[in-house]
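Colleague: Below are the structure tokens for one structure; questions will follow.
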Amino acid sequence: MSTAALPSTDQVDPARILRLLTAELDARPAQVAAAVDLLDAGATVPFIARYRKEATGGLDDTVLRQLEVRLLYIRELESRRLSILQSIEQQGKLNPTLHDAILAADSKQRLEDLYAPYKPKRRTRAQIAREAGLEPLAEQLLGTTDADPETAAAAFINADAGFADIKATLNGARDILAERFAEQAVVLEALRTELWNTGLLYAKVVAGKEQEGEKFRDWFDFSETLRTLPSHRILALLRGRQQGMLDLHLGLDPERDALVPHPCVVRIAELLALDARFDTRATAREHWLAEVCRWTWRVKLLTTFETELIGQLREAAEAEAIRVFAANLKDLLLAAPAGPKAVLGLDPGIRTGVKVALIDSTGKLLDTATIYPFEPRRDVEGSLNTLATLIRRHQIPLIAIGNGTASRETERLVATLLERHPELSFDRVVVSEAGASVYSASELAAHEFPELDVSLRGAVSIARRLQDPLAELVKIEPKAIGVGQYQHDVNQRALAHSLDAVVEDCVNAVGVDVNTASAPLLTRVSGLNAGLARNIVQWREAHGAFGNRQALRDVPRFGDKAFEQAAGFLRIPGSDNPLDASAVHPEAYPVVEQIVLKAGKPVSELMGQAQSLKGLSPADFTSEQFGLPTVRDIFAELEKPGRDPRPAFQTAHFKEGIHDIKDLLPGMTLEGVVSNVANFGAFVDIGVHQDGLVHVSALADKFVKDPRDVVRVGQTVQVRVLEVDVARKRIALSMRKDDPDTRSGGARPTDSRKSGRTETRKPGHADTHARRPGREPAAAPNNSAMADAFARLRGKS
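113 is the number of the first residue of the sequence shown in our numbering; add one for each residue after it.
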């Protein structure tokens, strides 16, 4: 079969893309095709998941996000496949077997393996040898069984080209064959698989870096199999290499690596059916071919595989780190809101004072103040009077206290306030202030509060995030919220894409009150962008609240497409049409009209009254446009209009008298809030300025594979103190009901550096900035399981 008879290589085959996606997602072709068409038409994942269930057969947002990512990858794969076919075809080297192999390749790596022999190359040693006329020598030594290398090489000496003697000439022939062997797909695939299945990653300290790289000392002489390396450990090793402290290399286990000949060298000879022998009975040619195999492995393949497989480890580790960050962010964004209540926010500080901001039930700023109850002023009485006056004047039911420096001291001040003024009825809640400083200094904050000091803006943010965490946290770049690990070491574009998707999904799952939402919140609504969100806010400021959803069409640039994508997620409480406050899309209002006629009651009497819908079947209201999934969703929304998927609001109460790590005793049972979840356990804020770690083995009385199966960020939990190391600021906690490691009685916290427990740091924080999000601590681990876990967070094992 000639190349002219091969199928066309002019364009990507959409059917191939559909087949690959269908196989990967375990979905029906029609489902995948519909989802792809909708995505290509500009529909968002939340819109497709919520309002196009009939088209996609009910694919949920998780599957649709996977489809979105894989669609991009497969399209890039198909584009690369096409360019490779065209390149080889232009060289006149595309034959039916190669063509079929390229079409069958199911990964970018396999494609590159097949393309390797045909890929345009820079001028290599092998190319120089070919230009000197040594390829016939290489062919002779490869194919002639009775050839003698030295005798054959004598006829090819070319001093002018740099091959002035027999040794140099044979080395040139060796380079030609080694390059050829290293480009054989069968060799690449087999040895790559061998290394991946049985290989180890070795780490050594860079000579002379022992002191400078002290925080990486546990990696100074380290090895672990590639298949068992967890993501956090991979990122830690790579960080050590990036900082110039560690050398990394791949190999087999020490015993196999020490074998002569090396197993991979023998494998090359076997795969290519070479007449190579590795013993003393080998002929000169057989010995020479064996040396070519050694050269192929040591110089060509091992270095290639090191780059490739370490890159593969990095990709997998980054993907897992991004997954964990995204999962934690989702839990934080969907934390229970306190709701439309006035809140007094306190941003604790010592020397600079405690910043006070008071907001009403809609989040509007009412008043601000700064009090100085701590050193150096110690104006406790004046601070108490200021707080009491503000609370009494505005009838404040909630006080939000940031969890930064002086948080527990500020909480004690508030407790004293309640003791002095029992007539003031309020609850106090400690709130994570991660990212508040980022918001305070942002352009958005400056626009919202141009006359307000930066530090007071932080108090406003703390108050608002208690009232509605989602609405406030969307104003902050997701990475600044600090609920991930190694976030600065991963692919920033992939991280941003993943976190943005989480924010979009959360915002649209909850829905947005278009008459109170900020521009950043509206920007995250399906179908809207920053410009359109600003237009909505500006129209609202100029004309007042939107009376109904149809009024949105009066907003400049709010066209039909944007309305279709966004309307179902934009809520208008108090609209002249009660459905505008629900998740029922305006396009489905005719279905509700049919339900109203059948029920014989106005829609206002149907909404929230499940009894009114009894006796009605969703199947009776289906049509060609609206299938059973959509009608069922309409019934569910009528029963509980505008339902919020977030949990009910509750507060955690830190134990009185426990304010510092030195106050902790093993055996104490405390209440705390989960501040971060990693693959090796959960960090819990117990109100002592240092988060404790519940190792994954101590999360439950049963085996726990994924900590998120047991705990989530923001969850209130009961924990028991296992051990405290004051010197290293480590707190080991347990959630097991019957923990044999718990020591009872009055054992004091230890200051010894011999403690075998864990270091406690805010997740993602640096050594010298223990409460600043986005960086990892770097103190040394020890041999205990929990210390190992803390070390993993820091970038160690």
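Positions of the beta carbon are idealized from the N, C-alpha and C atoms, including for glycine.
Check whether the region 195-212 and the region 168-180 touch, using three or more Cβ-Cβ pairs below 8 Å as the test.
Modeller: The region 195-212 is not in contact with the region 168-180.
Colleague: What span of residues does the beta strand (DSSP E) with Y551 cover, start to end?
Modeller: Y551 -> not in any beta strand (DSSP E); alpha helix (DSSP H) instead, spanning 548-552.
Colleague: Out of curiosity, what's the CA-to-CA distance linking K327 and T501?
Modeller: So the alpha carbons of these two residues sit roughly 51 Å apart.
Colleague: Under the three-state reduction of DSSP, which class applies to S809: helix, strand or coil?
Modeller: Residue state, collapsed to three classes: helix.
Colleague: Using CA coordinates, which residue listed in L312, L150, V436, I513 is at the minimum distance from E418?
Modeller: It is L312 whose Cα lies nearest to the Cα of E418.
Colleague: Name the two residues that bound the continuous alpha helix (DSSP H) containing E783.
Modeller: That residue, E783, is in no alpha helix (DSSP H); its beta strand (DSSP E) goes 781-790.
Colleague: Check I129 in the structure and name its three-state DSSP category.
Modeller: The answer is helix: DSSP assigns I129 an H, G or I state.
Colleague: Just to check my reading of the structure: L441 and I593 have Cβ atoms closer than 8 Å, yes? What is that Cβ distance to the nearest angstrom?
Modeller: Confirmed, Cβ separation roughly 6 Å.
Colleague: Determine the contact status of A302 and K412, defining contact as a CB-CB distance below 9 Å.
Modeller: It is not a contact, given that the beta carbons lie outside the stated cut-off.
Colleague: By DSSP, does A794 sit in helix, in strand, or in coil?
Modeller: Three-state result, A794: strand.
Colleague: Straight-line CA distance for F761 to Q579?
Modeller: Approximately 10 Å, taken between the alpha carbons.
Colleague: Only counting the same chain, and skipping five residues up and downstream in sequence, which positions put a Cβ closer than 6 Å to that of R368?
Modeller: Here the set comprises P375.
Colleague: With DSSP run on the structure shown, which of helix, strand or coil describes Y314?
Modeller: Looking at Y314 - three-state DSSP - the assignment turns out to be strand.
Colleague: Among residues of its own chain, excluding the 5 on either side of Q200, which ones have a beta-carbon nearer than 6 Å to its beta-carbon?
Modeller: The sequence given here places Ile at residue 200; Gln does not occur at that position. Here the set comprises L206, Y230.
Colleague: Check for me: the beta strand (DSSP E) holding G363 runs from which residue to which?
Modeller: That run of the beta strand (DSSP E) goes 358-363.
Colleague: At which residue ranges does the region 256-293 contain complete alpha helix (DSSP H) runs of 4 or more residues, listed in the order of the chain?
Modeller: For the region 256-293, whole alpha helix (DSSP H) runs of length 4 or above, ordered along the chain, are 261-266, 278-293.
Colleague: Nearest to P158 by CA position, among G686, V831, P759, F681, is which residue?
Modeller: P158 has its Cα closest to that of F681, out of G686, V831, P759, F681.
Colleague: Is it true that the CB of I511 sits closer than 9 Å to the CB of R540?
Modeller: Closer than 9 Å, so yes.
Colleague: Using 8 Å for Cβ pairs, my map puts V404 next to R286. What's the rounded Cβ distance?
Modeller: Sure, about 5 Å apart at Cβ, within 8 Å.
Colleague: Determine whether the beta carbon atoms of Q721 and A155 lie at a separation below 9 Å.
Modeller: In this structure, A155 does not lie closer than 9 Å to Q721 by Cβ.
Colleague: Counting beta carbon pairs with one atom in the region 734-750 and one in the region 780-790, are three or more of them shorter than 8 Å?
Modeller: Not touching, per the Cβ criterion.
Colleague: Select from M719, A695, F437 the residue whose C-alpha is nearest the C-alpha of P590.
Modeller: It is F437.
Colleague: What does R683 pair with, by DSSP beta-bridge criteria?
Modeller: R683 pairs with D625.
Colleague: Hey, could you find the ends of the beta strand (DSSP E) Q830 is sitting in?
Modeller: Unbroken beta strand (DSSP E) run through Q830: 828-837.
Colleague: How far does the beta strand (DSSP E) with L477 in it reach, from first residue to last?
Modeller: Here the beta strand (DSSP E) through L477 covers 477-483.
Colleague: Counting beta carbon pairs with one atom in the region 453-466 and one in the region 562-573, are three or more of them shorter than 8 Å?
Modeller: Contact between the region 562-573 and the region 453-466 is present, because at least three Cβ pairs lie under 8 Å.
Colleague: Would you decide whether T88 is buried or exposed? Buried here means 16 or more other CB atoms lie within 10 Å of its CB.
Modeller: Given a span of 113 to 909 for the chain in the structure shown, any question on residue 88 remains unanswerable.
Colleague: For L307, count neighbouring Cβ atoms within 10 angstroms of its own Cβ and tell me buried if that reaches 16, exposed if not.
Modeller: Classification for L307: buried.
Colleague: Where do the N-terminal and C-terminal ends of the beta strand (DSSP E) with D459 fall, by residue?
Modeller: Start and end: 455-459.
Colleague: Residues in the same chain with beta-carbon distance under 6 Å from Q782, minus the five sequence neighbours each way, listed in chain order, please.
Modeller: At residue 782 the sequence reads Leu, which differs from the Gln that was named. If we look at L782 and ignore the five residues flanking it on each side, its Cβ neighbours are K767, I798, V831.
Colleague: Taking DSSP as the reference, what is the three-state secondary structure of R140?
Modeller: Coil at R140, not helix or strand.
Colleague: To the nearest angstrom, report how far apart V708 and T474 are at their CA atoms.
Modeller: The straight-line gap from Cα to Cα measures roughly 33 Å.
Colleague: Report the rounded CA-to-CA distance for R669 versus A621, giving the unit in angstroms.
Modeller: If you take the alpha carbons of R669 and A621, they lie about 25 Å apart.
Colleague: Give every residue of the same chain whose Cβ lies closer than 7 Å to the Cβ of S724, excluding the five residues on either side of it in the sequence, and list them in chain order.
Modeller: Hits under 7 Å: A711, K713, E717, L718.
Colleague: Is DSSP giving R337 helix, strand or coil here?
Modeller: According to the sequence provided, residue 337 is Thr. The question's Arg does not apply to it. Strand, per DSSP.
Colleague: Return the chain-ordered list of same chain residues with a C-beta closer than 8 Å to the C-beta of E749, the five sequence neighbours on each side being excluded.
Modeller: Excluding residues within five positions, the ones whose Cβ falls inside 8 Å are S694, A695, V696, R755.
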